[in-house]
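Chains A and W, in that order, are what the protein sequence lines are.
With the working numbering applied, the first sequence has no gaps in its numbers, which climb one by one up to 223 at the end.
With the working numbering applied, the second sequence has no gaps in its numbers, which climb one by one up to 223 at the end.
All residues carry an ideal CB built from backbone N, CA and C; glycine is no exception.
None of the values given here were measured: they were computed from a predicted structure.
Below: one structure, written as structure tokens.
Number of protein chains: 2
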Amino acid sequence: MQGWEDIRAEVLRRIRARIWPPGGLIPGEEALAQEFGVARATVNRALRDLAEAGVITRRKRAGTRVAELPVRRARLDIPVIRLDVLARGQAYSFDLLADRVQPAPVPVTARLGLPEASPLRYLETLHMADGRPYVLETRWLNPAILPDPAPDFARVSANEWLVTHVSLVSGDIAFTAEPASAREAEVLGIPEATALLVAERTTQGTGGPVTWVRLAHAPGHRVQMTF
Amino acid sequence: MQGWEDIRAEVLRRIRARIWPPGGLIPGEEALAQEFGVARATVNRALRDLAEAGVITRRKRAGTRVAELPVRRARLDIPVIRLDVLARGQAYSFDLLADRVQPAPVPVTARLGLPEASPLRYLETLHMADGRPYVLETRWLNPAILPDPAPDFARVSANEWLVTHVSLVSGDIAFTAEPASAREAEVLGIPEATALLVAERTTQGTGGPVTWVRLAHAPGHRVQMTF
DNA sequence: AAGGCTAATATGTCTATACATAATACAAGT
DNA sequence: ACTTGTATTATGTATAGACATATTAGCCTT
Chain A
-3 MQGWEDIRAE
7 VLRRIRARIW
17 PPGGLIPGEE
27 ALAQEFGVAR
37 ATVNRALRDL
47 AEAGVITRRK
57 RAGTRVAELP
67 VRRARLDIPV
77 IRLDVLARGQ
87 AYSFDLLADR
97 VQPAPVPVTA
107 RLGLPEASPL
117 RYLETLHMAD
127 GRPYVLETRW
137 LNPAILPDPA
147 PDFARVSANE
157 WLVTHVSLVS
167 GDIAFTAEPA
177 SAREAEVLGI
187 PEATALLVAE
197 RTTQGTGGPV
207 TWVRLAHAPG
217 HRVQMTF
Chain W
-3 MQGWEDIRAE
7 VLRRIRARIW
17 PPGGLIPGEE
27 ALAQEFGVAR
37 ATVNRALRDL
47 AEAGVITRRK
57 RAGTRVAELP
67 VRRARLDIPV
77 IRLDVLARGQ
87 AYSFDLLADR
97 VQPAPVPVTA
107 RLGLPEASPL
117 RYLETLHMAD
127 GRPYVLETRW
137 LNPAILPDPA
147 PDFARVSANE
157 WLVTHVSLVS
167 GDIAFTAEPA
177 SAREAEVLGI
187 PEATALLVAE
197 RTTQGTGGPV
207 TWVRLAHAPG
217 HRVQMTF
């Protein structure tokens, strides 16, 4: 025993117990290593983990301080829709409703950091579970990142192709609740203005902006995360 | 150069380039260390990071393999509502609409892992930004985790008190879109059946189940995450 | 063939030491 | 006073070597 996880636990205990108050400086790695009778690397491992968890903030020379407000972090595993459906024990299928190149609307180009009205590939895909509408995917795709013989998105969904073939570096997701538009109501087979859980995602790759997606989930959908 | 981030980048490149295909075994740490001319610990750091990111899976003796399906992970910083509002440059206030102890409904006790109809503290809080409804918080709280002179939730919101005083160990959040109920419509000052973004959160602490919360956000609310 | 023991092996972690890097404090020069 | 350079210091990372632990392959027994 006296592994890095024990060190982490003890440090966390002292923070919770207000022995080291929020915003306060805690002893340096060297001091803690000596106190606990372990190597500095072990203390470093423990503190690095706590910093990742948002419990403390660390800066060179300035030392380590207890975070003013402990932020709780939850992790979302962004699923490939096909597997998400299969994991529910349902059969997966999808329909490519639209596939054309056209100038993207301003909100899309703006978020991707592309010039206004850039011609992007527009894809509309209806994902289905057991033949019933599951998610309506609306996607704008930067054609510059596609290989020359472009993949056939009628066979492999764009979603899945991108995950396995493009090395994404960063992005963001936002969840909102929106009333179903006339088009969404029709495609998903639900009454207009039904409350829909909508996810909007922007992703940037090493070779520039990749894609902007909007996922309108069928009613009742839950996005689950753990921490 | 030749730091652990360089090693990580090179390993990632080979995975993307299909040199090490999905599901395939990659060379052991010792071998990679030798190839890159670094210590094993450095390779370990790089691979551990990739494992955390979900790109590879590692098991003792079995070795390291490329994940079949690279899962993208996004991190959500669960905000303390007060700070969330302040960050938007708005004034924060809240109203404690209800505070009583009563037997909790079955779905709540079930999720918390408590016996049916356990008496729990029920709190209903309306959080406001610039005096306008922001979030309606509905909370069931396990009284067993509270200190003897229980905190005054009319002064410090339960949300905030818990974050700073209870060491939570695990929990889960789920987001859904739901039509506003009559009560929610009234309290939030919106038409009934408006699409609401709802977050449901269950948290477990070291001393047993802590709380179940439902947050009904005002229309237009976005939950933002990055990866 | 089935089950159980054992040895081999890849990852996990710790130690001690060293150098790198960033941020600060302080002194020197303008 | 203001800027600039420099020393100091805490964290970040690297190294080599060692032991711990989980898991598997293969052998051995029944």
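Spanning the alpha carbons of A/V165 and W/L158 requires a straight line of approximately 35 Å. Counting only runs of at least 3 residues, the stretch 100 to 185 of chain A fully encloses the following beta strand (DSSP E) elements, listed from N- to C-terminal order: 115 to 125, 128 to 137, 164 to 175. In the structure shown, W/A37 falls within a helical segment according to DSSP collapsed to helix, strand and coil. Between the stretch 195 to 208 of chain A and the stretch 175 to 182 of chain A there are fewer than three inter-stretch CB-CB distances shorter than 8 Å, so the stretches are not counted as touching. Between W/Y88 and W/R96, the beta carbon gap of about 25 Å keeps them out of contact (Cβ cut-off 8 Å). Look at the stretch 60 to 103 of chain W and you find these whole runs of beta strand (DSSP E), each 3 residues long or longer: 68 to 74, 88 to 99. The beta-carbon distance between W/R68 and W/T60, rounded to whole angstroms, is 20 Å. This is too long to meet the 8 Å contact definition. Using a C-beta cut-off of 8 Å, the stretch 25 to 43 of chain W makes contact with the stretch -3 to 10 of chain W, since at least three inter-stretch Cβ pairs fall below that distance. For chain W, the residues of the stretch 53 to 78 of chain A that bring a beta carbon within less than 9 Å of one of its beta carbons are L65, P66, V67, R68, R69, A70, R71, L72, D73, I74, P75, V76, in chain order. In this structure, A/P75 and A/G50 do not form a Cβ contact; the two beta carbons are roughly 25 Å apart against a cut-off of 8 Å. Under the Cβ distance rule, W/M124 does not count among the residues neighbouring chain A, no pair being separated by less than 7 Å.
Boundaries of the beta strand (DSSP E) around A/W208: 204 to 213. Our two residues, W/T105 and W/G167, have alpha carbons roughly 14 Å apart in a direct line.
Counting only the Cα atoms, A/A29 lies some 40 Å from A/I169. Shown here for W/T134: same chain residues with a beta carbon closer than 6 Å to its own, the five before and five after excluded, namely E120, R210 in chain order.
Contacts between A/P175 and chain W, judged by CB atoms closer than 7 Å, involve A191 in chain order. For A/L193 against A/F223, the beta-carbon gap comes to about 20 Å, at or over 8 Å, which does not count as contact. Cβ contact annotation for A/R107 (same chain, cutoff 7 Å, sequence separation greater than five): T198, W208, in chain order.
Around the beta-carbon of A/T202, fewer than 16 other beta-carbon atoms lie within 10 Å, marking it exposed. In the DSSP annotation of this structure, the continuous segment of the alpha helix (DSSP H) that includes W/A27 starts and ends at 25 to 32. Taken through DSSP and simplified to helix, strand or coil, W/A195 comes out as strand. In this chain, the alpha helix (DSSP H) harbouring W/R4 covers 0 to 12. Within its own chain, the residues whose Cβ lies closer than 8 Å to the Cβ of W/L93, once the five positions on either side in sequence are excluded, are E120, T121, L122, V183, listed in chain order. Contacts between W/R218 and chain A, judged by CB atoms closer than 9 Å, involve A170, F171, T172, E196 in chain order. A distance below 6 Å between beta-carbons, with the five flanking residues on each side excluded, links W/P139 to the following residues of its chain, in chain order: R117. Within the stretch 143 to 164 of chain A, contact with chain W at the beta-carbon level (separation under 9 Å) is assigned to E156, V159, T160, H161, V162, S163, L164. DSSP, read as helix, strand or coil, puts A/R218 in coil.
W/R84 has a beta carbon lying at 7 Å or more from every beta carbon in chain A. With fewer than 16 other beta carbons inside 10 angstroms of its own, W/A37 counts as exposed.
Listed in chain order, the non-local C-beta contacts of W/R10 below 7 Å within the same chain comprise W16, local neighbours out to five positions each way being set aside. Only exposed fits A/A35, as fewer than 16 other CB atoms lie within 10 angstroms of its CB. When only Cα atoms are considered, W/F32 and A/A150 end up about 42 Å apart.
Proximity of chain A to W/R12 at the Cβ level (cut-off 7 Å) is accounted for by S163, in chain order. Here DSSP, grouped into helix, strand and coil, assigns W/R57 to coil. Taking 8 Å as the Cβ-Cβ cut-off, the stretch 90 to 114 of chain A has no residue approaching chain W.
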